[in-house]
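Notes for the one structure printed next.
2 protein chains.
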Amino acid sequence: MYTLLKQEGEARRGTYTTVHGTIQMPAFMNVATAGAIKGAVSALDLKEVHCQVQLCNTYHLHLRPGDRQVRQLGGLHTFTQWNGPILTDSGGFQVFSLAKLRNITEKGVTFASHIDGHKIFMGPEESMQIQSHLGSTIAMAFDECMQNPAEYEYARRSIARTTRWLYRCKKEMDRLNALPDTVNPHQLLWGINQGSVYDDLRIAHMKQIAELNLPGYAIGGLAVGESADVMYHILEVLGPYLPKDKPRYLMGVGTPANLLEGVRRGVDIFDCVMPTRNARHGHAFTMEGVRNLMNAKYELDQHPLEDGCQCPACQHFTRAYIHHLLKSGEMLGMRLMVLHNLYFYNTFLEKIRAALDAGNFTFFYHDTIDTVSRRI
Amino acid sequence: MYTLLKQEGEARRGTYTTVHGTIQMPAFMNVATAGAIKGAVSALDLKEVHCQVQLCNTYHLHLRPGDRQVRQLGGLHTFTQWNGPILTDSGGFQVFSLAKLRNITEKGVTFASHIDGHKIFMGPEESMQIQSHLGSTIAMAFDECMQNPAEYEYARRSIARTTRWLYRCKKEMDRLNALPDTVNPHQLLWGINQGSVYDDLRIAHMKQIAELNLPGYAIGGLAVGESADVMYHILEVLGPYLPKDKPRYLMGVGTPANLLEGVRRGVDIFDCVMPTRNARHGHAFTMEGVRNLMNAKYELDQHPLEDGCQCPACQHFTRAYIHHLLKSGEMLGMRLMVLHNLYFYNTFLEKIRAALDAGNFTFFYHDTIDTVSRRI
């Protein structure tokens, strides 16, 4: 259940209660695609970097190790040893971005596995069944994630189908949650707004899916090719149509600046692979900006990645050591970078929440927006 | 300083006191080649897997980040954040095994870097200077590590040169330790016995290097192509000539069974990349034998890698999860395997020491030798 504690402009400070614990919002989800964070980071490490919610990918886990296997092993919480909330995506995004040779019908999507090419069918019911096996706290509706730009007429027909799919998702989840041996009978279904970059389609679709009175709503199909300004515009357009008493999830976003802009437009929760993916390229996020640790200037630098940072990497290791590890291709370099970046993202949201609590988010926004995403 | 506490047959229970702490012997050193354990394991993690001594490689650190850089950064202890004893090898082994186009003269060895091919010269003085910059607790003498089999006449001339090099090492280390700004002015020099597989050469060389009354002696040039029986034979042949009041280090060895056989023949300390290298191939060491976690039979296995094991991996994660991580190429799989394998090796030595303390090492040996290295 979402509780709105405070509002500053459109920015919202709230809490979301689940059977696996309460999420302080705005929040950032840490992505553990195949049931593990990239960079040798375990669910236990996540506690140390102030993670609140782990996101796992339905498509990946369905292919390997298999959702039935995860179910037999007690569900994702037992499997990964993360005892807090877990959100699973629907598989839709990966089906449309990773899989080959897909074929969409009213029933669902037939596609070829990106691992071994074998043919798989996934529709709303299959996605719900897989997520039920995984036993996540929050399951996402199965939708079509269009690439931007999409033709208006295609987008119009696509969102109509996504709405019909949502009703099927709801019906199937209700059925699954009522079964006697369901891993998590309290699983929550969040809907996903689509509509490409068309204001009227976005609004129409949002109105349709709001009718289901789901416990949460995501804004999907953004950060998939369009400019950041278009994304911010869609958020502003949708604002009045998003239920105030439900969390708002901006999928797959983004840079620290994107998060600030999102919160400013009423977003409650985000996920992004950026903290892990950029770690691989040596990029460390700090409040002063983004440092490239591959840079030779860090060779003899005895500072931590970020001065004053209390993350497991910064408490002990220097830029010089991490620079050396990255240059040498030592896995430890990647691990320390990921620990820092996740800690940065999670505590960046803590700072945003503290600013909202104190009623000075607008000041924090202006004080931070220009520095936090620049290259230094 | 080495203190022999107890003896059972040739097996020795002792302690070795250094400025960086006391090593309980027999001991196993954990290999952090480039200043980091493979598998995203940090010096802080080493404490949790009961590591006593970290081994770093002079050759690798000389090439990257550079020993002068490490010195500027405060030495290896500050650089890696490992505060216990560190042993550095001399670089000799890598010069003879990794480097290309080497040319040996009385002065030392010219070779091409395996990273970028640039020409480097290393002799006894250079090796001591590099190790002094690294500031390790124990520095190894610069020797020629011959491949087995080596021609008798070549081996005879080689050990004579290695002895002359040892005198130069000793002289250079005395000079370096006396400098006002040396990282570790208490650095210890251990000599290395060579002589290929020839009993008389091994004995003659051991007698020569024992004359220097160094604080420790290694047996080198084994586990480089000859059979295990030849290695055990050399240990037996050398036994009477090894100073009783100095630790005995068998370099680059080995399987758990090799360690048992080594201890039984008077070895006090070992190092080997096996716990990390085999982790990469999915091999988990246990007291019952070696498990291959890539095997499909672990897909739904909810046991830890080893029942009852208190390592950071076994305390939380199942074989099924680790199997999945390894199959998915997730770094976390490698990290959990390495943590387990290092914990296994370090606590295996703890078990050996406890058996020696209790006077039942012979029983422990017979009870363990056939099971511990078998494939299960």
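Protein sequence lines correspond, in order, to chains Y and F.
Counting from 1, position 124 in the first sequence corresponds to residue 124 in UniProt numbering; the numbering is continuous, with no gaps.
Counting from 1, position 168 in the second sequence corresponds to residue 168 in UniProt numbering; the numbering is continuous, with no gaps.
The beta carbon of each residue, even a glycine, is placed where N, CA and C say it ideally should be.
Under a Cβ-count criterion, where at least 16 other Cβ atoms within 10 Å of its own Cβ denotes burial, should residue i be classed as buried or exposed?
i, result
"residue 187 of chain F", "buried"
"residue 116 of chain F", "exposed"
"residue 103 of chain Y", "exposed"
"residue 54 of chain F", "buried"
"residue 411 of chain F", "With chain F represented from 1 up to 376, any question about residue 411 of chain F goes unanswered, as that position is not in the structure."
"residue 375 of chain F", "exposed"
"residue 153 of chain F", "exposed"
"residue 105 of chain F", "exposed"
"residue 5 of chain F", "exposed"
"residue 181 of chain Y", "exposed"
"residue 296 of chain Y", "exposed"
"residue 9 of chain Y", "exposed"
"residue 68 of chain F", "exposed"
"residue 312 of chain Y", "buried"
"residue 229 of chain Y", "exposed"
"residue 173 of chain F", "buried"
"residue 360 of chain F", "exposed"
"residue 18 of chain Y", "buried"
"residue 256 of chain F", "buried"
Assuming residue i and residue j are in contact, meaning their beta carbons sit under 8 Å apart, how far apart are those beta carbons, in whole angstroms?
i, j, result
"residue 155 of chain F", "residue 195 of chain F", "6 Å"
"residue 302 of chain Y", "residue 286 of chain Y", "Not confirmed; about 16 Å, so no contact."
"residue 279 of chain F", "residue 338 of chain F", "4 Å"
"residue 206 of chain Y", "residue 242 of chain Y", "7 Å"
"residue 25 of chain Y", "residue 90 of chain Y", "About 21 Å; that fails the 8 Å criterion."
"residue 368 of chain Y", "residue 39 of chain Y", "Not really, about 26 Å apart at Cβ, beyond 8 Å."
"residue 209 of chain F", "residue 191 of chain F", "4 Å"
"residue 72 of chain Y", "residue 300 of chain F", "6 Å"
"residue 101 of chain F", "residue 112 of chain F", "5 Å"
"residue 245 of chain Y", "residue 2 of chain Y", "6 Å"
"residue 43 of chain Y", "residue 81 of chain Y", "5 Å"
"residue 452 of chain Y", "residue 349 of chain F", "In the structure as shown, chain Y starts at 1 and stops at 376, and residue 452 of chain Y therefore has no counterpart that could be examined."
"residue 263 of chain Y", "residue 352 of chain Y", "6 Å"
Name the residue from the options whose alpha carbon lies nearest to the alpha carbon of residue i.
i, options, result
"residue 65 of chain F", "Y:339, Y:322, Y:65 and Y:200", "Y:322"
"residue 216 of chain Y", "Y:247, Y:229, Y:52 and Y:96", "Y:247"
"residue 441 of chain Y", "Y:274, Y:4 and Y:114", "Any property of residue 441 of chain Y remains undetermined from this structure, which presents chain Y solely from 1 to 376."
"residue 88 of chain F", "F:56, F:113 and F:70", "F:56"
"residue 76 of chain F", "F:98, F:109 and F:34", "F:34"
"residue 325 of chain Y", "F:41, F:138 and F:2", "F:41"
"residue 125 of chain F", "F:157, F:95 and F:171", "F:171"
"residue 137 of chain Y", "Y:202, Y:203 and Y:83", "Y:83"
"residue 358 of chain Y", "Y:253, Y:1, Y:11 and Y:86", "Y:11"
"residue 236 of chain F", "F:202, F:176, F:253 and F:331", "F:202"
"residue 239 of chain Y", "Y:158, Y:320 and Y:265", "Y:265"
"residue 132 of chain F", "F:143, F:179 and F:147", "F:179"
"residue 119 of chain F", "F:95, F:130, F:135 and F:128", "F:95"
"residue 85 of chain F", "F:60, F:45, F:52 and F:74", "F:52"
"residue 62 of chain Y", "Y:21, Y:129 and Y:343", "Y:129"
"residue 254 of chain Y", "Y:185, Y:168 and Y:341", "Y:341"
"residue 189 of chain Y", "Y:151, Y:249 and Y:147", "Y:249"
"residue 165 of chain F", "F:127, F:233 and F:298", "F:127"
"residue 28 of chain Y", "Y:251, Y:144 and Y:122", "Y:251"
"residue 314 of chain Y", "Y:363, Y:176, Y:343 and Y:223", "Y:343"
"residue 108 of chain Y", "Y:148, Y:162, Y:21 and Y:352", "Y:162"
"residue 31 of chain F", "F:21, F:327, F:60 and F:20", "F:60"
"residue 193 of chain F", "F:58, F:212 and F:353", "F:212"
"residue 47 of chain F", "F:347, F:371 and F:353", "F:347"
In the DSSP output, which residue or residues are listed as bridge partners for residue i?
i, result
"residue 290 of chain F", "F:285 and F:375"
"residue 88 of chain Y", "Y:56 and Y:139"
"residue 41 of chain F", "F:37"
"residue 3 of chain Y", "Y:15"
"residue 232 of chain F", "Note: residue 232 of chain F sits in no beta bridge, so no partner."
"residue 239 of chain Y", "BP columns for residue 239 of chain Y are empty, so no partner."
"residue 249 of chain F", "F:218 and F:269"
"residue 336 of chain Y", "Looking at the DSSP assignment, residue 336 of chain Y forms no beta bridge with any residue, so it has no partner."
Are there any heavy atoms of the ligand NAP lying less than 7 Å away from the beta-carbon of residue i, as far as the coordinates show?
i, result
"residue 307 of chain Y", "Although the ligand NAP was asked about, the structure shown includes no ligands whatsoever."
For residue i, go through chain B and note every residue whose CB falls closer than 7 Å to its CB, in chain order.
i, result
"residue 79 of chain Y", "Note that chain B does not occur in the displayed structure, where the protein chains are Y and F."
Against chain Y: residues of the stretch 54-74 of chain F by CB proximity under 7 Å: 64, 65, 69, 72 and 73
For the stretch 291-316 of chain Y, enumerate the residues whose C-beta is nearer than 7 Å to any C-beta of chain F, in chain order. Cβ contacts with chain F: 299, 300, 302 and 316.
Which residues, in chain order, does the stretch 322-333 of chain F contribute to contact with chain Y at a C-beta distance below 7 Å? 324, 325, 327, 328, 330, 331 and 332
Any residues in the stretch 128-149 of chain F with a beta carbon nearer than 8 Å to a beta carbon of chain Y? Which ones, in chain order? none
Which residues, in order along the stretch 8-41 of chain Y, keep a beta-carbon less than 8 Å from a beta-carbon of chain F? The stretch 8-41 of chain Y vs chain F, Cβ under 8 Å: 34, 35, 36, 37, 38, 39, 40 and 41.
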